[in-house]
Every structure is written in C-alpha cells, then in structure tokens.
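Numbering (the numbering used here), first residue to last: 6 to 470.
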C-alpha cells in the first residue's frame with residue numbers, strides 16, 4: 006500500500022507477465038568430497054514475454070550436505086541471455102551460464118533446497134536448458150558415491166527428496182489459532198468442497214465465492230492484468246499442491262473477511278521498473294489484508310512484488326504468519342494504518358532476506374509476538390515497534406541487519422535469545438510488553454538452528470497440499 010518509506014531502495018528491474026512452465030525432471034549432481042554421496046534435483050520455470058523472460062530455479066540436495074556451489078548450464082539458443090539475477094552471482098560466456106552462491110545460501114543440507122532466479126532476453130524461441138551441473142558434475146537424478154571396493158559395481162538407487170522432516174498441521178497456531186470475534190481458530194475452507202484449479206478464471210471464481218472452499222492450486226497461474234490482487238472471501242483455504250502452486254504477476258486481497266488460509270504458494274514478480282525506488286505508482290502487493298480477522302499465511306514464498314510483500318492494515322487481527330520466505334523487496338511487511346490498538350498477531354519461523362524497510366514495521370498492535378525468525382541482508386531497518394505496540398521478540402537470528410530491533414518512545418519491546426551477526430545500529434528494548442503463553446502454547450527452536458532450519462523448511466513444501 007502507498008506510503009513513503011523511511012528509506013529508499015535502488016532501482017528495480019521489471020518482471021513482465023508470462024506463463025510459468027515447469028521443467029519436470031531435470032536434475033544435476035553435487036560435487037562433494039571423497040566418500041560423500043551426491044545428488045540433486047532442479048525445477049526450472051519461466052515466465053515469458055515478448056523478447057524477455059524471468060526464470061526461477063529451485064535446487065534440492067538429495068545427497069550429503071554441501072558448502073559452496075556453482076551451478077552451470079547452457080542455453081540451447083545463442084539468442085538467450087541473462088540480463089540480471091538474484092540469490093546468486095551470474096556470469097555468461099557464449100551460451101554457457103554459471104551461477105555461484107552468495108554468502109547466505111552457500112550451504113545446502115541434506116534434503117534442503119535453495120531458490121535462485123534471473124531475468125533474461127531471447128530472440129526467436131526460449132527453450133529450456135537440457136542439463137545442469139553443480140560444481141562441475143552432471144547429475145543423473147540419483148545419489149552416487151565411490152565404489153566400496155576397486156572391483157565392485159556400485160548400485161545407484163534414486164533417492165527422492167524427503168517429505169519435509171516435520172509434520173505440518175492443517176490448523177493455525179499462534180493468535181490465528183485462538184478464539185475471538187465469533188471464530189474458534191482459523192480453519193479456512195475445512196468442511197466445504199475441495200476443488201483443484203489451474204487457471205486464473207477458476208481461482209478467481211472459487212476464491213470469491215460464498216461458503217467454504219478448499220482451493221488446491223495445481224499449476225503456475227499467470228495473473229492478468231499484471232499486478233491484479235485476487236479478492237478472497239471468508240472461509241477459504243488456498244493451498245499449493247506440493248511445489249506446483251504459483252501465483253505469478255499478481256497477489257491476493259482480503260477486505261473485511263475472516264477465516265482464511267493462504268498456504269504453500271509462490272506469490273511473486275510484479276515489479277515495475279518505472280515505479281522505483283519508492284513504489285508509489287503501482288499498488289501491487291503480495292497479500293494485502295484490511296479489517297480482517299483469523300488469517301493464516303503459512304509456507305509461502307513471497308518475492309519481488311512492486312509494493313508490499315505483505316500488508317496487514319486497518320485493525321486486521323488474529324493473524325499468524327509462519328514458515329514463509331519473504332524476500333527481495335523494498336517493503337517487506339507493513340502493519341498498521343490505524344489509531345486503534347486492538348490487533349493480535351504471531352509472526353514466527355519466517356526467512357526475511359534481501360529487503361529494505363518494514364521487516365515488519367508494527368504500528369499500534371496490542372500483542373505482537375515474533376519468534377524464531379531469520380532476518381538476513383536487511384538494508385533499511387529490522388523489527389520496528391511503533392506507536393503503542395507491545396512486541397515480544399524471541400530467538401531471532403539477525404544476519405547483516407541494520408537496526409535489528411528498536412521502538413518508538415510510546416512502544417514496548419521485550420527481547421530474549423536473539424543472535425546478531427555483522428549487524429549495525431540500534432538494538433533497543435523497553436517495557437514489559439506481555440506474556441504470549443498466557444494466550445497460547447508454543448515451542449522455541451534454538452536460535453543457532455534457525456538459519457539452517459528455515460533454509461530447509463520455509464516456503465512451499467512437497468508434503469503440503
């Protein structure tokens with residue numbers, strides 16, 4: 006939503022509208038030390054437009070943990086070029102492309118994944134690469150290791166990605182899981198009809214319908230017109246099936262609704278180059294919520310939106326935002342737009358990285374509980390308690406964050422267990438805030454485990470949906 010941010014971010018490149026196309030079975034190997042098992046899988050999707058495209062790449066490690074990687078591939082057509090990229094350092098020589106890890110994503114644990122992408126140009130056609138390598142080794146889609154003896158014939162057994170290692174309940178935790186305003190927690194469309202959607206028209210139809218629906222997004226959906234926010238009615242679950250669900254070039258709008266779950270989706274790519282650096286002209290949010298209650302945003306990947314990645318406005322309450330990747334935007338997560346101090350929200354296990362301001366900026370929230378979040382490469386400011394907010398921060402990992410946490414004189418912050426690595430600026434607490442355990446139960450993960458935990462489990466998961 007439009008407001009002038011405290012700080013500005015440098016100019017962005019546009020991501021134009023197009024259809025995402027899955028690369029179903031590409032895989033590449035991981036070069037690891039001797040005696041280490043190796044193997045990975047990659048999903049390569051594109052959104053094409055006239056002469057240009059956006060490519061998204063997800064790498065999943067099937068073998069032993071690796072530390073430091075270089076991804077390589079060749080464009081089939083000499084007219085294909087990388088013009089800019091994110092979450093990796095790119096170089097191109099002729100048709101050959103390499104992408105090297107950046108400082109925050111060089112380690113991929115067993116079963117973990119890393120996401121990267123780039124904007125490109127092409128002339129003629131835009132075929133997908135035929136193969137990938139990692140650290141110079143071509144993958145077969147299996148885990149491989151050395152022969153047990155010089156004469157033995159190794160047996161290569163395909164190893165699928167793990168199902169996730171954690172169980173993911175279908176009912177919200179935190180404040181979205183508590184009772185109030187006529188709702189007994191947040192259950193979304195449970196009890197209603199389940200429908201599968203793969204087209205924009207069906208998604209709009211069911212998301213805006215009366216009555217409960219569980220809406221399963223089975224494929225990437227391109228939103229038109231570019232930047233449109235799809236209206237969501239009460240009593241809805243919108244969930245991606247495994248890692249297939251994507252909302253490309255658009256987002257969602259919740260206005261005076263309740264009992265909504267948005268889960269396990271990619272919501273991405275509405276940047277407008279002509280609207281930078283302050284995102285004043287094009288109000289293209291990832292998820293905007295106005296005067297709504299009992300909302301659960303869980304396991305989504307929300308990135309590169311022209312305005313706010315998430316906006317919670319006008320007394321939206323009983324909100325839980327959990328296990329999301331919130332990344333690569335000027336305004337990450339704005340909360341407020343009200344003089345009332347009534348909102349309750351829980352924000353936990355989110356990986357917020359490569360953002361500028363509003364991480365979140367929390368204005369006039371009665372109870373704001375933030376725990377086990379991973380804040381990384383934040384240029385503007387981190388957790389900001391504004392107005393009369395009462396904020397509790399627990400076991401947050403701050404990595405290269407400016408002003409990790411601070412407050413207005415009228416606001417409160419109670420902080421415990423946080424770690425700051427290469428941070429600068431303010432770390433300010435004050436006031437007693439509140440005790441979250443007087444509202445609900447929860448379990449803290451050790452702060453030292455937060456980066457690896459969220460690199461593995463934040464964002465869409467194969468065992469959800």
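Virtual Cβ for every residue (Gly too), placed ideally from N, Cα, C.
Bridge pairing for residue 301: 266, 325 [DSSP]. In the DSSP annotation of this structure, residue 75 is not part of any alpha helix (DSSP H); the continuous beta strand (DSSP E) holding it starts and ends at 75–79. Nearest C-alpha to residue 360 among 102, 62, 392, 336: 336. By the CB criterion at 8 angstroms, residue 424 and residue 402 fall inside the cutoff. The straight-line gap separating the alpha-carbon atoms of residue 325 and residue 110 is approximately 26 angstroms. The C-beta distance from residue 70 to residue 114 rounds to 5 angstroms, short enough to fall under 8 angstroms. Under the DSSP assignment, residue 209 falls outside any beta strand (DSSP E), being part of the alpha helix (DSSP H) whose first and last residues are 205–212. For residue 225, the enclosing beta strand (DSSP E) begins and ends at 225–227. A Cβ-Cβ distance of about 6 angstroms is found for the pair residue 416 and residue 391, placing them in contact under the 8 angstroms criterion. When DSSP states are grouped into helix, strand and coil, residue 455 belongs to the helix group.
The Cβ atoms of residue 183 and residue 264 lie no closer than 8 angstroms to each other. DSSP places residue 133 outside any beta strand (DSSP E), giving it a letter other than H or E. Close CB contacts of residue 301 within its chain, under the 6 angstroms cut and outside five residues either way in sequence, are with 177, 181, 191, 266, 325 (chain order). Beta-bridge partners of residue 82 (DSSP): none assigned. Residue 316 sits close to residue 339, with the two beta carbons spaced by under 8 angstroms.
In the structure shown, residue 461 adopts helical secondary structure according to DSSP, grouped into three states. Residue 72 sits in a strand when the DSSP states are folded into three classes. Comparing C-alpha distances from residue 437 to each of 207, 395, 368, 66 shows the shortest one belongs to 395. Residue 380 has 357, 403 as its beta-bridge partners, per DSSP.
Counting every other CB atom within 10 Å of its CB across the protein chains shown gives residue 227 a total of 16 or more, marking it as buried.
When rounded, the separation of the alpha-carbon atoms in residue 126 and residue 88 is 7 angstroms. Excluding the 5 residues flanking it on each side, residue 466 has same chain C-beta neighbours closer than 7 angstroms at 169, 173, 269, 304, in chain order.
Inter-residue distance for residue 73 and residue 106 is about 6 angstroms (C-alpha atoms, whole angstroms).
Straight across, the Cα-Cα distance linking residue 245 with residue 122 is about 20 angstroms.
Going by DSSP, residue 431 is part of no beta strand (DSSP E) at all; its letter is neither H nor E. Between the beta-carbon of residue 247 and that of residue 330 there is about 16 angstroms, and that puts the pair past the 8 angstroms contact cut. Nearest C-alpha to residue 348 among 385, 379, 327, 299: 299. In the assembly as shown, residue 234 is a buried residue. Its beta-carbon has 16 or more other beta-carbons within 10 Å. Exclusion of the five residues before and after residue 224 leaves 203, 249 as the residues of its chain whose Cβ lies within less than 7 angstroms of its Cβ. Contact annotation, residue 306 with residue 232: C-beta distance approximately 18 angstroms; criterion of less than 8 angstroms not satisfied. Cβ-Cβ separation between residue 77 and residue 44: approximately 16 angstroms, too far for a contact (criterion under 8 angstroms). Under DSSP, residue 45 shares a beta bridge with 66.
If you ignore the 5 residues before and after residue 412, its C-beta comes within less than 7 angstroms of the C-beta of 390, 418, 433, 435, all in its own chain and listed in chain order. About 18 angstroms separates the beta carbons of residue 52 and residue 84, which is beyond the 8 angstroms limit, so they are not a contact pair. Ranked by Cα distance from residue 321, the options 382, 211, 344, 297 are led by 297. In the DSSP assignment, residue 331 forms a beta bridge with 307, 357.
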